[in-house]
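Note sheet for the following structure.
Residue numbers (my numbering): 245 to 510.
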């Protein structure tokens with residue numbers, strides 16, 4: 245297929261090496277989870293030529309414009325920021341082309357169209373907070389705790405047209421603590437992910453990256469966490485309730501009601 249030929253051609257290009265710190269990197273992300281990776285790239289002297297994040301949006305009672313965590317970090321680091329409303333918009337595609345990216349890195353962003361993820365000559369890789377093919381999709385950190393997993397981790401994968409379906413590059417396992425919360429695991433995986441991000445870009449650049457296809461039959465998918473998920477069902481086993489409370493800490497938190505009044509976890 246056309247996509248397969250483009251992917252194979254891109255991998256052939258990877259045989260030509262250069263100093264990884266000369267690679268022109270475009271970083272794409274939004275929440276706090278992506279910030280340690282961005283900081284690690286800059287601290288390591290890597291050439292981040294642009295940061296793509298979501299547009300500022302009104303938030304809170306005052307409806308003040310909210311800037312993403314990635315944008316705040318990028319501005320602090322003195323990096324140029326792009327905030328497209330639409331990822332297929334001609335002006336954004338042109339802006340990306342003007343950056344002449346060698347490599348794209350995506351962490352907790354939006355679904356990218358092929359015109360963007362296929363643009364860098366070395367392709368685009370994504371850092372996902374699970375051991376793929378498990379927990380594809382949103383909120384894999386919370387669901388790992390809620391489901392009582394003993395081990396989770398982070399995976400880097402080459403982006404393709406699917407949702408977390410690309411060929412895997414590197415993985416790093418993390419053992420969950422008995423009292424692990426969604427918040428504590430978030431912090432741990434973001435740090436582990438930052439190191440894996442750097443290792444992955446170096447492997448891609450020097451041609452040592454090994455691409456492993458996912459077992460799609462073994463894949464599991466997750467959904468966004470919603471506030472109503474925090475309602476405790478007292479008919480469930482105590483162990484499940486305890487995992488739910490930890491997995492939804494700090495947000496949206498688990499709660500119950502008494503005499504018709506909601507009692508939030510403190």
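In this text, a Cβ means the ideal position worked out from N, Cα and C, and glycines have one as well.
Since we're looking at a predicted model, the values are computed, not measured.
With DSSP as the reference, please indicate the residues paired to residue i in a beta bridge.
i: residue 380; result: 465
i: residue 403; result: Answer by DSSP bridge pairing: none, since residue 403 is not bridged.
i: residue 294; result: 270
i: residue 397; result: 417
i: residue 385; result: Answer is none; residue 385 lacks a bridge partner.
i: residue 412; result: 401 and 456
Given that a residue counts as buried once 16 or more other Cβ atoms are within 10 Å of its Cβ, and exposed if not, what is residue i?
i: residue 346; result: buried
i: residue 260; result: Low confidence applies here, because residue 260 scores a pLDDT of 46, under 50, leaving its location unreliable; read the following figure in that light. The residue is exposed, with fewer than 16 neighbouring Cβ atoms inside 10 Å.
i: residue 363; result: buried
i: residue 342; result: exposed
i: residue 305; result: exposed
i: residue 459; result: exposed
i: residue 307; result: exposed
i: residue 285; result: buried
i: residue 372; result: buried
i: residue 322; result: exposed
i: residue 270; result: buried
i: residue 302; result: exposed
i: residue 406; result: exposed
i: residue 419; result: exposed
DSSP state of residue i, grouped into three classes?
i: residue 348; result: strand
i: residue 489; result: helix
i: residue 456; result: strand
i: residue 524; result: This structure cannot settle anything about residue 524, because the visible part of the chain is limited to 245 through 510.
i: residue 370; result: strand
i: residue 496; result: coil
i: residue 244; result: Only positions 245 to 510 of the chain appear in this structure, which leaves residue 244 out of reach.
i: residue 475; result: strand
i: residue 264; result: helix
i: residue 483; result: helix
i: residue 276; result: helix
i: residue 422; result: coil
The alpha helix (DSSP H) with residue i in it runs from where to where?
i: residue 511; result: What the structure shows of the chain is the stretch from 245 to 510, and residue 511 is not part of that stretch, so it cannot be assessed.
i: residue 282; result: 279–287
i: residue 323; result: Element bounds for residue 323: n/a, residue is neither H nor E.
Using a threshold of 7 Å, is the CB atom of residue i nearer than that to any non-hydrogen atom of the ligand MG?
i: residue 338; result: You won't find the ligand MG in this model; it holds no ligand whatsoever.
Beta strand (DSSP E) containing residue i: first to last residue?
i: residue 330; result: Element bounds for residue 330: n/a, residue is neither H nor E.
i: residue 356; result: Segment: none, residue 356 is in no beta strand (DSSP E) and carries neither H nor E.
i: residue 302; result: 301–303
i: residue 308; result: 308–310
Problem set entry | Segment contact flag, the region 318–326 with the region 457–477, C-beta cutoff 8 Å, min 3 pairs | no
Exercise. Is the number of C-beta pairs between the region 487–499 and the region 462–474 that are closer than 8 Å three or more?
Worked result: yes
Exercise. When the Cβ atoms of the region 396–405 are set against those of the region 425–436, are three or more pairs found closer than 8 Å?
Worked result: yes
For this session: Answer yes if the region 382–393 comes into contact with the region 438–454, meaning at least three C-beta pairs across the two stretches below 8 Å, and no otherwise.
Result: no
Exercise. Are the region 432–440 and the region 403–412 touching by the rule of at least three beta carbon pairs closer than 8 Å?
Worked result: no
Problem set entry | Sufficient close CB pairs (3 or more, under 8 Å) joining the region 292–304 to the region 374–382 | no
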